[in-house]
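Protein chains in written order, with the numbering used here: chain A, 21 to 176; chain B, 43 to 520.
Structure record follows, encoded as C-alpha cells.
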C-alpha cells in the first residue's frame, strides 16, 4: 500500500476521533461540552476536506507526501525492518520497566543497546554508569522519585 | 550565592527533559517559605525561573528533546542545524538571543509598570478567547502547505486538554472510568511522545550520527554574529515574548511558538525555516527569555500571575510577606528592583555558563547513534514517569509516541497539537465566561471584532499567498 493510501486511513482515524468526541459530548451539560461541540464541528468539516485531498492524491497516484514547511521530513523506511527495530526496543524497555523496574531496566537497556550495535565495552560501561548515576544521584536521591514496584522482585 | 544556586538549579532543570521549571519551583516552595528575608527568596526563585529556557536549548537543539516547554519551537530549526553540523552556531545564537531577550524583558518590566495597566484591564474573557483561538490557528496555519492538517492537529490538542474531570460541571470527559485520567493528561507526556520519540526513531533508523556533516568546525562565532545581524527580528520577537508573558494565563509555553510564527510570516527568504534557519532559533529563544520579564509585570503590579511558574513564585512571595500590587510601585519598590536585577544578573550568569560549556556539549552531535539513542530514550522514559510518578505515564508516552510517529510519517505538523493542548483550558474557560456573561453579544465587542479580523487575515493571507506561489510555479513549469 502506497504512502498516499496509508494517509487516507490516518486522516480517517482523526476524523473518527472528531466524530466520536462529538457523539460522546452531546450528552454532557453545555458547560462541559461547549468547546468540544464548537471545535469538533469545525474539525469534522476539516477532516472531510482533508480526506477529499487525500483521496484525490491517491487517485492521481501521486505518492508524494505533502510535507509541512516547519516539520522535519516525513520518516522513510530504513533497511529491511524499517522502524520496527527501534519500536521493538521501545516496547521491550516499556515491558522491562514493568517487569524488573526502572533501576535495573534502564541501565540494562543502555548497556545492551550500545553493545548490540557495535559500541565498545568502554562506551557501553561509561553510558550505563552515567545513566545509573543520573537515576540514583538526581532522580532517586535528590528528587526522591518513587519508582514503581516491579512485577518481578529480587529476593532481599 | 542563592541567586547562583538558583541559576545552577534552573539551568540543570532546563537541561533535564521532563522535570520542568514549575515542578522544581513547587519542590522548592517548602524550603523557601522558611526564609525570613524576601530578597533571598527573590534571588533564589526568580534566578531559577529566569534561566530555565536558556539551558534547555542544549537538548532542544542537540537531541530534539525540549528541555522545557518554552524551548519547543527551537527544535524546528535548531535540530536541523545540528543535523547539518551547525550545532555550535545554533547554540551560540540561542544563548546570545536568550541573554538579550532576557535583558529586554527586564528592561520592559522596568519601564512599563506604570504604563500598561489600563490595557490589560480593558481585556475581558471574549478578547482572551479570540486571542487563544488566534494562537492555535496561527500555528496550525504555519504548517505551510498543510493548513487543514495543522488546524486539525490544533483541535485534537484542545480535545486532549479536556480529558479528565471537569471541575465546574463534575463531568468525566474522555476518561473512560480510568482514575489516572481524572487529573488530565500531562503536557510533558504529550511533548515527549510527539517530539522526542519520533526523532529517536529517525536517528535509530538511519544508524548514523545526529549531524550529517563530518566537520564540526563552523558556526560558534557565526551564531553570535547572526543574532546581531538579525537584531530587528530579535527585538520584535522579544516584544512578542514580553507581551505573551504579560497577558495573564497566556504565558508559559506559548511565547516561542508565537515568535516563531511571527518570524516565518514576516521574514524574507523563508523557505529555509524548518530546515535549519538560524532566525528560527533566534526568534524562539529571544522570546522565551523575554517572556519572563513580561510575566512579572501582571504578577508584581496586579498580583495576577502570567503563567504557572510565576504563580508559584507569587505563592512564595506572599508566604514571606511580599504583597504584590500597588505597594510594589511605592513602599516595596526595592523588591521590584530586586526582581529586575535578578532577572538581569541571572541571565548573564546562565549565558556565561552555557557559552563556556557549549562546545564540549555540542560534540554530542558527532557521537554514533548507539551512544545517543539509549541515553535519550532513558531520559524520555524517566521524564515521562516524572510527570505523575505513575506507570500509566509510560503507557501514555507510548500512545503519544505512536501518534507522533504517524503524524510525522504522514506529514502532519505536530506543533499545533501541543499548542492546542497548552491553550485548551484557557480557551474553554474564556469561551464559557463570554457565553454566560454576554450571550452572543460578545461577538459585537469592538476589540473582539478587531481581533477576529486579524484572526481571519492571519488564516487567509498565508493560504492565498501559498496558492499564488503554486499558481506561479505551475505557470513557470508550463
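Cβ atoms here follow ideal geometry from the backbone N, Cα and C, with glycine treated the same way.
As the structure is a prediction and not an experimental result, all values here were calculated from the model.
Where does residue 255 of chain B fall in DSSP's three states?
Low local confidence applies: a pLDDT of 49 at residue 255 of chain B is under 50, so the model's placement there is unreliable, with the coordinate-based value given in what follows. Here residue 255 of chain B sits in coil by DSSP.
Same chain, Cβ closer than 6 Å to residue 122 of chain A, five either side skipped, listed in chain order:
Same-chain partners within the cutoff: 167.
If you scan the segment 402-470 of chain B from start to end, which runs of the beta strand (DSSP E) of 3 or more residues do you find wholly inside it?
The qualifying runs do not exist here; there are none.
Using a Cβ-Cβ distance under 7 Å, would residue 60 of chain B count as near chain A?
Unreliable positioning characterises residue 60 of chain B in this predicted model, as indicated by a pLDDT of 45, which lies under 50. The coordinate reading is nonetheless provided below. So no, residue 60 of chain B is outside the interface.
Does residue 116 of chain A come within less than 7 Å of chain D when only Cβ atoms are used?
Here the protein chains are A and B, and chain D is not one of them.
Under 8 Å between beta-carbons, which chain B residues line up against residue 139 of chain A? List them in chain order, please.
Residues of chain B passing the Cβ test: 410, 412, 413.
Contact with chain A by residue 433 of chain B, beta-carbon distance below 7 Å
yes
On the three-state DSSP scale, how would you describe residue 206 of chain B?
strand
Identify each residue in the segment 185-200 of chain B for which the Cβ-Cβ distance to at least one residue of chain A is less than 8 Å, and report them in chain order.
185, 186, 187, 188, 190, 191, 192, 193, 194, 197, 198, 200
How is the alpha helix (DSSP H) around residue 122 of chain A delimited, first residue to last?
122-136
Would residue 130 of chain A pass as an interface residue toward chain B - the criterion being a Cβ-Cβ separation below 7 Å?
yes
Give, in chain order, every residue of the segment 62-79 of chain A whose Cβ lies closer than 8 Å to some Cβ of chain B.
62, 63, 66, 67, 69, 70, 73
Which first and last residues belong to the alpha helix (DSSP H) in which residue 158 of chain A is found?
First-last for residue 158 of chain A: undefined, no H or E at that position.
Quick check on the DSSP output: what are the complete alpha helix (DSSP H) runs of length 4 or more inside the segment 89-135 of chain B, in order along the chain?
89-97, 99-105, 114-125
Give me the DSSP bridge partner(s) of residue 215 of chain B.
B:206
Considering only the alpha carbon of each residue, which of B:433, B:481, B:383 lies closest to residue 81 of chain B?
B:383
Does any residue of chain B have a CB that is nearer than 7 Å to the CB of residue 104 of chain A?
no
Specify the secondary structure class of residue 157 of chain B as computed by DSSP and reduced to three states.
coil
Whether or not the segment 208-217 of chain B and the segment 462-469 of chain B are in contact is what I'm after, with contact meaning three or more pairs of Cβ atoms, one per stretch, closer than 8 Å; do they touch?
no
Thinking residue 334 of chain B and residue 177 of chain B are a contact (beta carbons under 8 Å), I'd like their distance in whole angstroms, please.
With 8 Å as the limit, residue 334 of chain B and residue 177 of chain B do not qualify as a contact, their Cβ atoms being about 19 Å apart.
Compare the C-beta of residue 59 of chain A against all C-beta atoms of chain B and say whether one is closer than 7 Å.
yes
Neighbourhood of residue 460 of chain B by C-beta distance below 7 Å, restricted to the same chain and skipping five residues each side:
114, 199, 232, 233, 236
Residue nearest to residue 492 of chain B in terms of C-alpha spacing, selected from B:151, B:170, B:99
Comparing alpha carbon positions, the residue from B:151, B:170, B:99 closest to residue 492 of chain B is B:170.
Answer with buried or exposed for residue 95 of chain B, where buried requires no fewer than 16 other C-beta atoms within 10 angstroms of its C-beta.
Burial of residue 95 of chain B is indicated by the presence of at least 16 other C-beta atoms within 10 angstroms of its C-beta.
Is the segment 130-144 of chain B in contact with the segment 90-105 of chain B, if contact means three or more CB pairs nearer than 8 Å?
yes
Shortest alpha-carbon distance to residue 150 of chain B belongs to which of B:409, B:188, B:284, B:417?
B:284
Do you know how far the Cα of residue 351 of chain B is from the Cα of residue 77 of chain B?
Looking at the two C-alpha atoms, the distance is approximately 19 Å.
According to DSSP, simplified to helix, strand and coil, what is residue 225 of chain B?
helix
On the DSSP letters alone, give me the boundaries of the alpha helix (DSSP H) that residue 309 of chain B sits inside.
Unbroken run through residue 309 of chain B: none, as it is neither H nor E.
Looking at the secondary structure, which residues open and close the alpha helix (DSSP H) in which residue 173 of chain A lies?
Residue 173 of chain A -> no alpha helix (DSSP H), and no H or E assigned at all.
Closer than 8 Å, Cβ to any Cβ of chain A: which residues of the segment 206-226 of chain B, in chain order?
208, 210, 211, 213, 215, 216
Skipping 5 residues on each side, what residues in its chain have a beta carbon closer than 8 Å to that of residue 109 of chain A?
Once the five neighbours on either side are set aside, the close Cβ partners of residue 109 of chain A are 129, 133.
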